[in-house]
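2 protein chains.
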Amino acid sequence: MSSHRYCVIMCGGVGSRFWPYSREDCPKQFIDFLGTGRSLLQMSYDRILPIVPKENIVVVTNARYAGLIREQLPDLEPGNILLEPARRNTAPCIAWAAYHIHALDPEASMIVTPSDHLITGESVFEDCVRRGFGFVESRDALLTLGITPTRPDTGYGYIQIGGPVEPGILKVKTFTEKPGLELAKVFLESGEFFWNAGIFLWKASAIIDALRKHDSDLTALFDTGLADFGTPSEADFIARNFESCPANSIDYAVMEKADNVYVECADFAWSDLGTWSSLYDNSPKTEGTNVTRDARVLAYEAEGNMVAVPSGKLVVIDGLSDYIVADTGDVLLICPKSQEQRIRQMVTDVRLKYGDDAL
Amino acid sequence: MSSHRYCVIMCGGVGSRFWPYSREDCPKQFIDFLGTGRSLLQMSYDRILPIVPKENIVVVTNARYAGLIREQLPDLEPGNILLEPARRNTAPCIAWAAYHIHALDPEASMIVTPSDHLITGESVFEDCVRRGFGFVESRDALLTLGITPTRPDTGYGYIQIGGPVEPGILKVKTFTEKPGLELAKVFLESGEFFWNAGIFLWKASAIIDALRKHDSDLTALFDTGLADFGTPSEADFIARNFESCPANSIDYAVMEKADNVYVECADFAWSDLGTWSSLYDNSPKTEGTNVTRDARVLAYEAEGNMVAVPSGKLVVIDGLSDYIVADTGDVLLICPKSQEQRIRQMVTDVRLKYGDDAL
């Protein structure tokens, strides 16, 4: 029995806040970040496989990562890898995937997921996604997964909920940007807000309709390729047109504007692993509350550090607390966790001083 | 014209205060510590070569370093490498070398030098050593080189001078242990004290006589091998007897007791490179007063750090001042410079926790 359920794994990010572990030639999603033996991309793929047959899993990534995808997901047919010739954020990425899948299967529904998030509690995830598929298959709805917040995190976007529609699914009232700490505390206490996990479910036809309504320039471009999607000429069409798409996120392009947007309350543990501190928060602690992964660490008056070094490396730290110590072999970063927002600037500074090769 | 001048390079130390750069299987003296392309041992050898012919240069080291010596000093004849079967400090080391050289050449004079010190100003060094050889060749004197102190260093031993004997050479009044800071300041201001560089000159016969007088147990043992030294059976004699020598320094055994001890004022720049801080003090500084050697370093609010990493490694440090950051590839040490006396304990702790293989 063939399935009309598809999955789009977005895999084109650079992950610069995780430098030096995340590098332009091997970003975060391709790294075995948690020491499990599987990269974040592979874990995302493994997680969806019980729900969506592998023939229906599509990975969208930048063309330069084609080799990494083939290496890490050898079971995936080459036709299931969509290679973007340029980085244009999530709206053009999702639009392409939707046109591609809709051309193959006009009845398709799809889940769109990042490749570099952490999710634990796979069976809860599966139940949640199956319920979500059921919901969007019966109506023209755009469904996003909302995570019950556990702290006033200022690094996430929030979703304000409206009225319930069916068990676990509610209307979305508003999407909000990353709030300040005081506002985040209000959000948390109100019980009306969820974290926006950036995981979406919808019918391919529904998201294309929504894009036509709210981002008609983008669909006007893609509509000129309707004869190409799902055929051997699709790659040529993309090569000629994709770069002219304006960079835009699906949140701005559609989700914040459409009125058929719903949120499903997700109970699995989730982190976007956006920063070293979030990795610290999501990792088991060893002596002195340090996160040491599989390093051998001796800590003297050293607490709260996020230590990431090549497997098996011996680290002796003395008189250092609440720092990031990230060593990739060719790059060593030592930086207070409180200064991690500087890392993007550091990457820029390194490029200016030592050139692209240093990155 | 054959020379009666010999050199003994002592090369058996472990250099544990420089861990993780200095390792038991490759101590400090075998490392290109200053990034010059030559190890400290090679620099010591190069420095003496204009004064002593290579046939007369003897390296004494622990047996486990035989391969390193052959690799780093390929011009040295195997017969010029004395391999100690055990570590017994400098007195047994120097006694063996003196008996060995005296057996080959009863008229021999010799300079004894560590292999892991830093000396700059080679021509000043050469003049100084030639003057010293001239002095000890004309009398039964034990001559030590004294460095004019430039700061109240509490890490060095001091020599108090007595009356002048000839230009630049004075009688030694006393040797003193490492002083406290207040005493070191008094020493510095008095003008009566020199740093003890641990570089000695004497006739082979003179040091053997002095050992017979002040450490007769040691010479009683070595005298049983008088028929072996300088012959093919010397190695067997050492293998049978060396381990039974008590560990003792030449300072305790002879220099502090003998009354024919003199000091030559040495004007070359010298450091025993005993600690990371002394390497910091003796190294050129880059931005933010950090010592970065040949690393590529970006420093944000980071000053006074001693950074030693594999050649060409990129280091980004933020919010770190007056630390040692020493990365050997398999070991990373981050430690305040002020805590460097802890390093020996750290090495012990590493051995206890992770075993010898981790060192």
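Chain order of the listed sequences is E and X. According to our numbering, the residues represented by the first sequence are 1 to 359, in order. According to our numbering, the residues represented by the second sequence are 1 to 359, in order. Ideal placement from N, C-alpha and C gives every residue a C-beta, glycine not left out. This one's a predicted model, so the numbers in the text were calculated from it and none came from an experiment.
Open item on the list: In the DSSP output, which residue or residues are listed as bridge partners for D327/X?
Closed with: Locating residue 327/X in the second sequence gives position 327, counting from the first residue. Beta bridge pairing from DSSP links D327/X with L332/X.
Open item on the list: I'd like the span of the beta strand (DSSP E) that includes T176/X, first residue to last.
Closed with: By 1-based counting over the second sequence, the position of residue 176/X is 176. Counting along the chain, the beta strand (DSSP E) containing T176/X begins and ends at I169 to T176.
- [ ] Put N89/E into one of helix, strand or coil per three-state DSSP.
- [x] Translated into the one-based positions of the first sequence, residue 89/E becomes position 89. In the structure shown, N89/E sits in coil (DSSP, three-state: anything other than H, G, I, E or B).
Task: Proximity to C128/E [Cα-Cα], best of E55/E, D140/E, A269/E and V309/E - done: Mapped onto the first sequence, residue 128/E falls at position 128. In this structure, A269/E is the residue among E55/E, D140/E, A269/E and V309/E with its C-alpha nearest to the C-alpha of C128/E.
Open item on the list: One question on the structure: do L41/X and D330/E come within less than 9 Å of each other, judged by their Cβ atoms?
Closed with: The residue you call residue 41/X lines up with position 41 of the second sequence. The residue you call residue 330/E lines up with position 330 of the first sequence. The answer is no: Cβ separation not under 9 Å.
Open item on the list: Here's the rule: buried if 16 or more other CB atoms are within 10 angstroms of the residue's CB, otherwise exposed. What is E77/E?
Closed with: On the first sequence, residue 77/E is found 77 positions in, with the first residue counted as 1. So E77/E counts as exposed.
Task: chain E contacts from the stretch 327–345 of chain X (Cβ-Cβ distance under 7 Å) - done: D327, D330, V331, L332, L333, I334, C335, P336, Q339 and R342
Task: chain X contact for A308/E (CB, 9 Å cutoff) - done: Walking along the first sequence from the start, residue 308/E turns up at place 308. Chain X, which has no Cβ nearer than 9 Å to the Cβ of A308/E, makes this no.
TODO: Have a look at R70/E, W276/E, V325/E and G12/E and flag the residue whose alpha-carbon is nearest the alpha-carbon of G79/E.
DONE: What you label residue 79/E is simply residue 79 of the first sequence in a count that begins at 1. Of the candidates R70/E, W276/E, V325/E and G12/E, the residue whose Cα lies closest to the Cα of G79/E is R70/E.
Task: Between the CA atoms of S16/X and V58/X - distance to the nearest angstrom - done: Within the second sequence, residue 58/X is the residue found at index 58, counting from 1. Within the second sequence, residue 16/X is the residue found at index 16, counting from 1. Taking the straight line joining both Cα atoms gives about 24 Å.
- [ ] Report, in whole angstroms, the separation of the C-beta atoms of S44/E and I9/E, which I expect to be a contact under 8 Å.
- [x] In the first sequence, residue 44/E corresponds to position 44, counting from 1. In the first sequence, residue 9/E corresponds to position 9, counting from 1. Yes, they are in contact, since the Cβ atoms of S44/E and I9/E sit about 6 Å apart, within 8 Å.
Open item on the list: So, at 7 Å on beta carbons, what are the nonlocal neighbours of P20/X in its own chain, with the 5 sequence-adjacent residues on each side left out?
Closed with: For this step, residue 20/X is matched to residue 20 along the second sequence. The residues are A326, T328, V331 and L333.
TODO: Please work out which residues of its chain come closer than 7 Å, Cβ to Cβ, to R130/X, disregarding the five sequence neighbours upstream and downstream, and give them in chain order.
DONE: One-based indexing of the second sequence puts residue 130/X at position 130. Closer than 7 Å at Cβ, skipping near neighbours: I51.
- [ ] Please report the residue range of the alpha helix (DSSP H) in which F135/X lies.
- [x] Taking the first residue of the second sequence as 1, we reach residue 135/X at position 135. That run of the alpha helix (DSSP H) goes E122 to E137.
TODO: Going by CA-CA distance only, name the one from G37/E, A235/E, D357/E and S278/E that's closest to F18/E.
DONE: Along the first sequence, read from residue 1 onward, the residue named residue 18/E stands at position 18. Nearest C-alpha to F18/E: S278/E.
Open item on the list: Quick check: what's the CA-CA separation for Y158/X versus A141/X?
Closed with: Mapped onto the second sequence, residue 158/X falls at position 158. Mapped onto the second sequence, residue 141/X falls at position 141. The alpha-carbon separation between Y158/X and A141/X amounts to approximately 19 Å.
- [ ] Excluding the 5 residues preceding and the 5 following D32/E in the sequence, name in chain order all residues of the same chain whose CB lies nearer than 7 Å to its CB.
- [x] As a first step, residue 32/E is located in the first sequence; it is residue number 32 there, counting from the start. If we look at D32/E and ignore the five residues flanking it on each side, its Cβ neighbours are R38 and S39.
- [ ] Closer than 7 Å, Cβ to Cβ, to anything on chain X: give me those residues from the stretch 311–323 of chain E, in chain order.
- [x] K313, L314, V315, V316, I317, D318, G319 and L320
Task: Paired residues, beta bridge with T144/E - DSSP - done: Here the question's residue 144/E lines up with position 144 in the first sequence. Note: T144/E sits in a beta bridge opposite F200/E and V263/E.
TODO: Find the nearest neighbour of P149/E within the set Q345/E, P114/E and L188/E, judged by alpha-carbon distance.
DONE: Along the first sequence, read from residue 1 onward, the residue named residue 149/E stands at position 149. Measuring from the Cα of P149/E, the nearest candidate turns out to be L188/E.
Task: First through last residue of the beta strand (DSSP E) which encompasses I161/E - done: Within the first sequence, residue 161/E is the residue found at index 161, counting from 1. Y158 to E166 is the span of the beta strand (DSSP E), which, as asked, contains I161/E.
TODO: Alpha carbon to alpha carbon, how far is S123/E from M346/E? Give it in angstroms, no decimals.
DONE: Within the first sequence, numbered from 1, the residue matching residue 346/E stands at position 346. Within the first sequence, numbered from 1, the residue matching residue 123/E stands at position 123. M346/E and S123/E: Cα-Cα distance of roughly 40 Å.
Open item on the list: Quick check on DSSP: helix, strand or coil for E55/E?
Closed with: The count along the first sequence starts at 1 and reaches residue 55/E at position 55. Note: E55/E maps to helix in three-state DSSP.
Task: Contacting positions in the stretch 4–25 of chain E - beta carbon closer than 7 Å to chain X - done: Within the stretch 4–25 of chain E, no residue has a Cβ that lies closer than 7 Å to any Cβ of chain X.
TODO: Taking V350/X as part of the alpha helix (DSSP H), name the residues at either end of that continuous run.
DONE: In the second sequence, counting from the first residue as 1, residue 350/X sits at position 350. Per DSSP, V350/X belongs to the alpha helix (DSSP H) from I343 to Y354.
Task: Beta-carbon contacts of R342/X that lie in its chain and below 8 Å, excluding the five residues immediately before and after - done: On the second sequence, residue 342/X is found 342 positions in, with the first residue counted as 1. By the criterion of a C-beta distance shorter than 8 Å, R342/X is surrounded in its chain by C335, once the five residues flanking it on both sides are discounted.
Task: Rounded separation between L181/E and R151/E - CA only - done: Within the first sequence, numbered from 1, the residue matching residue 181/E stands at position 181. Within the first sequence, numbered from 1, the residue matching residue 151/E stands at position 151. So the two alpha carbons sit approximately 10 Å from each other.
- [ ] For the alpha helix (DSSP H) containing A220/E, list its first residue and its last residue.
- [x] On the first sequence, residue 220/E is found 220 positions in, with the first residue counted as 1. Where A220/E is concerned, the enclosing alpha helix (DSSP H) stretches over S216 to D223.
- [ ] Kindly indicate which residue of L298/X, H4/X, R139/X and D25/X has the alpha-carbon position closest to the one of A358/X.
- [x] Position 358 of the second sequence, counted from the start, is the residue given in the question as residue 358/X. Residue D25/X is the option with its Cα nearest to A358/X.
Open item on the list: List, in chain order, every chain E residue whose beta-carbon is nearer than 9 Å to that of L82/X.
Closed with: On the second sequence, residue 82/X is found 82 positions in, with the first residue counted as 1. Result: empty, since nearest Cβ-Cβ is about 34 Å, beyond 9 Å.
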